[in-house]
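Structure, as structure tokens:
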Amino acid sequence: MSSNHLDTLYRQVIMDHYKNPRNKGVLEDGSLTINMNNPTCGDRIQLTMNVEGEVVTDARFEGEGCSISMSSASMMTQAVKGKKIEEALKLADIFSSMMLGNDYDEEDIDLGDIEALQGVAKFPARIKCATLAWKAMEKGLKEEESEE
Ligand code: FES
Numbered sequence: 033m034s035s036n037h038l039d040t041l042y043r044q045v046i047m048d049h050y051k052n053p054r055n056k057g058v059l060e061d062g063s064l065t066i067n068m069n070n071p072t073c074g075d076r077i078q079l080t081m082n083v084e085g086e087v088v089t090d091a092r093f094e095g096e097g098c099s100i101s102m103s104s105a106s107m108m109t110q111a112v113k114g115k116k117i118e119e120a121l122k123l124a125d126i127f128s129s130m131m132l133g134n135d136y137d138e139e140d141i142d143l144g145d146i147e148a149l150q151g152v153a154k155f156p157a158r159i160k161c162a163t164l165a166w167k168a169m170e171k172g173l174k175e176e177e178s179e180e
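Counted the way this note's numbering counts, the sequence shown spans residues 33 to 180.
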């Protein structure tokens with residue numbers, strides 16, 4: 033596929049998640065609630081997750097932000113559901129590497145729609161938008177891990 037076609041496809045995936053966000057809302061009985069904002073623009077996210085044993089059984093998000101931040105939150109919640117804490121944190125590491133434009137090891141994990149965000153690495157001002165939800169997830173799960 034040409035890079036133009038790929039860009040168009042990626043843009044469509046991002047807009048689909050923005051317009052039809054997956055896992056939007058609040059888990060009333062969630063075991064973790066993380067609020068985080070993007071200091072550069074003030075946009076915010078509230079992430080609620082349910083963790084049972086080592087597994088993230090559910091994740092929802094609420095918030096206000098640009099298409100990149102909201103679509104990234106939608107993709108992140110979709111990706112972490114059903115994953116072990118360790119796997120979700122590894123995914124967060126892979127996503128950080130992707131945003132830094134570094135090589136990442138995708139052998140063990142299927143990135144699915146998340147790959148659509150890789151172009152954000154070329155726009156440094158938008159990286160904080162894309163990583164907002166991921167930082168929230170990482171913070172919550174690291175706290176959960178340290179409490180065990
Ligand atoms: Fe605020 Fe993207 S401009 S999160």
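For glycine and all other residues, C-beta sits at the position ideal for the given N, C-alpha and C.
Considering only residues of the stretch 45 to 117, which uninterrupted beta strand (DSSP E) runs meet the minimum length of 3 residues and lie entirely inside it, listed in chain order?
64 to 69, 76 to 84 and 87 to 96
- request: Compute the Euclidean distance between the alpha carbons of phenylalanine 93 and histidine 37, then round it to the nearest angstrom.
  value: 30 Å
Close beta carbons around serine 129, own chain, < 6 Å, minus the five adjacent residues each side: Tyr136
Quick one: using the 10 Å Cβ neighbour count with 16 as the cut-off for buried, is glutamate 170 buried or exposed?
-> buried
For this session: Could you tell me the distance, in whole angstroms, from the CA atom of phenylalanine 127 to the CA atom of glutamate 176?
Result: 20 Å
**Q.** Residues near valine 152 by beta carbon distance below 7 Å, same chain, minus five either side
**A.** Ile100, Met131, Arg158, Ile159 and Ala162
| task | Please name the residue, chosen from Thr109, Ile77, Gly97 and Met81, that lies closest to asparagine 55 on a Cα-to-Cα basis. | result | Thr109
- prompt: Buried or exposed: aspartate 90, going by 16 or more other Cβ atoms within 10 Å of its Cβ?
  reply: buried
Practice prompt. Determine, using beta carbons only, whether alanine 105 and glycine 95 come nearer to each other than 8 Å.
Written response: yes
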